[in-house]
Amino acid sequence: MKNLLLFVFGTLAIVFGASTVLLVTKPEYVATVTRNWQAPSETPSPIASERSIKGQVFVVTRGGSSVPLGGVVVSIYTHKTIQSLLPPIYQRMAIDVLRYSTAYMEIKDKEGVAYADFDKIKNKNNTWNDKQSKAYDAYKKLTKEKMRNYYSLMSITSGESYYAALPSPYISVQTDASGYFKANISGSSVLVATACASRQIGDTKERYCWFIKTDGGQDVLMNNNNMFGMGSSDSAIQMPELPVDCLYSKCDDYISNMRNAYQAFFSSAR
100 MKNLLLFVFG TLAIVFGAST VLLVTKPEYV ATVTRNWQAP SETPSPIASE RSIKGQVFVV
160 TRGGSSVPLG GVVVSIYTHK TIQSLLPPIY QRMAIDVLRY STAYMEIKDK EGVAYADFDK
220 IKNKNNTWND KQSKAYDAYK KLTKEKMRNY YSLMSITSGE SYYAALPSPY ISVQTDASGY
280 FKANISGSSV LVATACASRQ IGDTKERYCW FIKTDGGQDV LMNNNNMFGM GSSDSAIQMP
340 ELPVDCLYSK CDDYISNMRN AYQAFFSSAR
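So the sequence shown is numbered by this note's numbering: it starts at 100 and just counts up by one.
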């Protein structure tokens with residue numbers, strides 16, 4: 100059953116076809132990601148010992164309180180499977196990283212010129228004329244266009260995009276009301292526990308994803324410190340994630356970090 104679930108290629112195509120986030124811009128990305136894809140060659144141990152993978156999914160609030168996340172689906176893969184999937188996924192995402200980050204930077208330069216033009220004619224007495232209004236509107240229009248590229252890139256490269264790109268897991272379990280989960284696994288391979296969850300806070304929905312490596316020797320704790328994009332050493336996917344909120348030059352820094360992370364895959368994205 101393990102080999103059947105891990106190695107059936109058709110499930111990958113089904114998952115990609117169902118992913119509206121991952122394929123939001125170009126349906127032909129399915130072919131890009133799945134081209135030359137091969138399931139990893141894994142030989143079961145002659146003595147397949149059973150072990151328990153257990154842990155908890157929770158987030159820590161700004162006030163320091165822990166909030167368990169119940170009803171979250173935790174899916175288990177072998178680390179070897181995740182490693183085999185990442186290169187084609189990186190190549191696909193590099194297409195959008197190159198596209199949106201380049202557009203962002205080009206518009207940023209135009210935005211700077213537009214603001215300089217507005218600043219030259221800005222009335223210090225806070226009284227506006229038509230010329231000033233038009234200059235300001237031109238500047239704000241570019242700002243909105245720039246941030247549209249930022250948020251498009253944020254969506255495409257989010258942890259949820261990686262999660263949606265994965266094939267059917269080795270096994271899936273669900274967290275209880277206290278955020279705890281447990282799965283019985285045969286074999287001794289290094290595993291990756293994956294999950295995505297969300298929490299509504301007022302008008303804002305916070306989203307979280309995890310891809311945590313484990314050998315079953317200790318509990319898998321999924322929290323703020325090791326979620327996708329945090330650069331935690333136990334994360335199987337070491338890629339940055341763009342924050343929802345960024346201010347001024349910080350947005351530029353985040354875009355630069357994203358370009359640097361995917362730089363090696365730009366040649367196949369052109």
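Every residue gets a Cβ at the ideal spot worked out from N, C-alpha and C, and that includes glycine. What you are looking at is a predicted structure, and each value in this text was computed from that prediction instead of being measured.
How far does the beta strand (DSSP E) with residue i in it reach, from first residue to last?
{"i": "C295", "result": "290 to 300"}
{"i": "T177", "result": "172 to 177"}
{"i": "N248", "result": "Here N248 belongs to no beta strand (DSSP E); instead the alpha helix (DSSP H) covers 229 to 255."}
{"i": "E259", "result": "From DSSP, E259 is part of no beta strand (DSSP E) but of the alpha helix (DSSP H) over 258 to 263."}
{"i": "Y307", "result": "303 to 313"}
{"i": "I270", "result": "270 to 273"}
What is the rounded straight-line gap between the Cα of residue i and the Cα of residue j?
{"i": "Q273", "j": "D351", "result": "38 Å"}
{"i": "I181", "j": "K312", "result": "10 Å"}
{"i": "G154", "j": "F327", "result": "17 Å"}
{"i": "G301", "j": "T242", "result": "27 Å"}
{"i": "Y347", "j": "E210", "result": "12 Å"}
{"i": "Q299", "j": "Y307", "result": "12 Å"}
{"i": "V212", "j": "V196", "result": "24 Å"}
{"i": "D216", "j": "K207", "result": "14 Å"}
{"i": "N248", "j": "S174", "result": "31 Å"}
{"i": "Y214", "j": "F364", "result": "34 Å"}
{"i": "L320", "j": "S355", "result": "30 Å"}
{"i": "K221", "j": "I255", "result": "38 Å"}
{"i": "G286", "j": "A264", "result": "25 Å"}
{"i": "S334", "j": "A282", "result": "19 Å"}
{"i": "E149", "j": "D318", "result": "16 Å"}
{"i": "E340", "j": "G330", "result": "10 Å"}
Taking residue i as part of the alpha helix (DSSP H), name the residues at either end of that continuous run.
{"i": "I354", "result": "348 to 361"}
Using the rule of at least 16 other Cβ atoms within 10 Å of the residue's Cβ for burial, across every protein chain shown, is residue i buried or exposed?
{"i": "K245", "result": "buried"}
{"i": "R162", "result": "Here the sequence assigns Gly to residue 162, which means Arg is not the residue at that position. Exposed, by the Cβ-count rule."}
{"i": "A292", "result": "buried"}
{"i": "P266", "result": "buried"}
{"i": "T177", "result": "buried"}
{"i": "P342", "result": "exposed"}
{"i": "E259", "result": "buried"}
{"i": "Y250", "result": "exposed"}
In the DSSP assignment, what residue or residues form a beta bridge with residue i?
{"i": "L320", "result": "Q155"}
{"i": "I284", "result": "R150"}
{"i": "Y279", "result": "Q155"}
{"i": "V166", "result": "V158"}
{"i": "A334", "result": "At residue 334 the sequence reads Ser, which differs from the Ala that was named. DSSP output for S334 lists I311 as bridge partner(s)."}
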